[in-house]
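Written below as structure tokens is the structure these notes are about.
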Amino acid sequence: MSIYIMTHKKFEPFTNSTDYKTMLVGADFNKADRTYIKDNSFIGNISNKNASFCELTGAYWMWKQSNEEILGLVHYRRYFVNSNGDPVSLAEVENMLSNFDIILPEKVTTTFLGLPCSLKKHFKNGHGKEGLEAWEACKKVILKNNPDFADSFDKVENSSEGYFYNMCIMRKDRFDSYHKWLFDTLFEVEKMIDVTKYSKYNQRMFGFFSERLMNVWVTYHKLNVKELPINFSEPISYFKNLKLFLDRKFSR
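For any residue, its number in the numbering used here is found by taking its place in the sequence shown, counting from 1, and adding 910.
This is the structure we're talking about:
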């Protein structure tokens, strides 16, 4: 049982627990720390897709390479915490998963100008026409391949709250089931849109969109979710966030 920390750079560990293992994503091009587990360490990896798939190249490694009974995915600067504010341990995880199907971050309300808005509108506001193109392409793929997901997709895209960050903890069989569905979907969408023509920010589109797809999958399967708070191990820079917002707007 392990929780994998996804990173693209060397960082100060937030825990010394052996429950946590660090994975370098985008290792085909990233030489940040060669002592970390690397997402390109097996034949058939998708490390070279990291620019558009983000932490999902690490999730793909976990799906294909890990045989552990319980798997978790967090980030070098975002991780699940317990009631004491400490990184959640696998002993705590085991106890939670005896009563719940999956552990996810606490739900977030999506807003526009301070008012709740649908996930679809929130995605369009954040990613513009490129985001809307990706949204519609993904919906088309899901409705073609999984028509029984239609009601769940509609429910999610019209909801004003959801689970984000591509963080999760679940048993291996459920982890595999989700990621097979996720990658089958995203690889087909990848054939329909050309993210290399998107703005620099939106070239990470598959990473962004997969956050919303977790909600579709959880809704369809009616999973019993244990929500946990998350901690940000790096200070939030409001200036950086403002600059990112302006960069996204003007890059369109």
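Beta carbons are placed, not taken as given, at the ideal position from N, Cα and C, and that holds for glycine.
(request) Would you kindly check if the distance between the Cβ of A937 and the Cβ of N950 is under 8 Å? (result) The residue labelled residue 950 in the question sits at position 40 within the sequence shown. The residue labelled residue 937 in the question sits at position 27 within the sequence shown. Yes. Within cutoff.
(request) Can you say whether N977 is buried or exposed, counting buried as having 16 or more other CB atoms within 10 angstroms of its CB? (result) Within the sequence shown, numbered from 1, the residue matching residue 977 stands at position 67. Looking at its Cβ environment, which holds fewer than 16 other Cβ atoms inside 10 Å, N977 is exposed.
(request) Ignore the nearest five residues each way along the sequence and tell me which others in A1047's own chain have a CB closer than 7 Å to its CB. (result) On the sequence shown, residue 1047 is found 137 positions in, with the first residue counted as 1. Cβ within range, chain order: V1099, M1102 and I1103.
(message) Looking at the strands, I want to know which residues DSSP matches up with M1080.
(response) To locate residue 1080, count along the sequence shown from 1; it is residue 170. M1080 pairs with L981 and I1012.
(request) Might you give, ordered along the chain, the residues of its own chain that have their beta carbon closer than 6 Å to the beta carbon of L1000, omitting 5 neighbours on each side? (result) Residue numbering aside, residue 1000 sits at position 90 when the sequence shown is read from its first letter. Once the five neighbours on either side are set aside, the close Cβ partners of L1000 are M911 and D929.
(message) How far does the alpha helix (DSSP H) with T967 in it extend, from its first residue to its last?
(response) By 1-based counting over the sequence shown, the position of residue 967 is 57. First-last of the alpha helix (DSSP H) with T967: L966 to Q975.
(request) Find out if the Cβ-Cβ distance for the pair V1135, V1128 is shorter than 8 Å. (result) In the sequence shown, counting from the first residue as 1, residue 1135 sits at position 225. In the sequence shown, counting from the first residue as 1, residue 1128 sits at position 218. Going by C-beta atoms, V1135 is nearer than 8 Å to V1128.
(message) Between G1011 and L1133, how many whole angstroms is the CB-CB distance? I'm expecting something under 8 Å.
(response) Looking up residue 1011 in the sequence shown gives position 101. Looking up residue 1133 in the sequence shown gives position 223. Looking at the sequence shown, residue 1011 is not Gly but Asp. Between L1133 and D1011 the Cβ distance is about 4 Å, and since that is below 8 Å, they are a contact.
(request) Quick one: give me the first and last residue of the alpha helix (DSSP H) that E1046 is part of. (result) Numbered from 1 along the sequence shown, position 136 holds the residue referred to as residue 1046. Looking at the DSSP string, the run of the alpha helix (DSSP H) that includes E1046 is L1029 to N1055.
(request) For E965, I'd like the list of residues in its chain whose CB is within less than 8 Å of its CB, leaving aside the five on either flank, ordered along the chain. (result) Sequence index remark: in the sequence shown, residue 965 carries index 55 (1-based). For E965, where only same-chain residues beyond five positions count, the Cβ hits under 8 Å are M916, V935, L983, H985, N1076 and G1117.
(message) Quick check on N955: does DSSP put it in helix, strand or coil?
(response) As a first step, residue 955 is located in the sequence shown; it is residue number 45 there, counting from the start. Here N955 sits in coil by DSSP.
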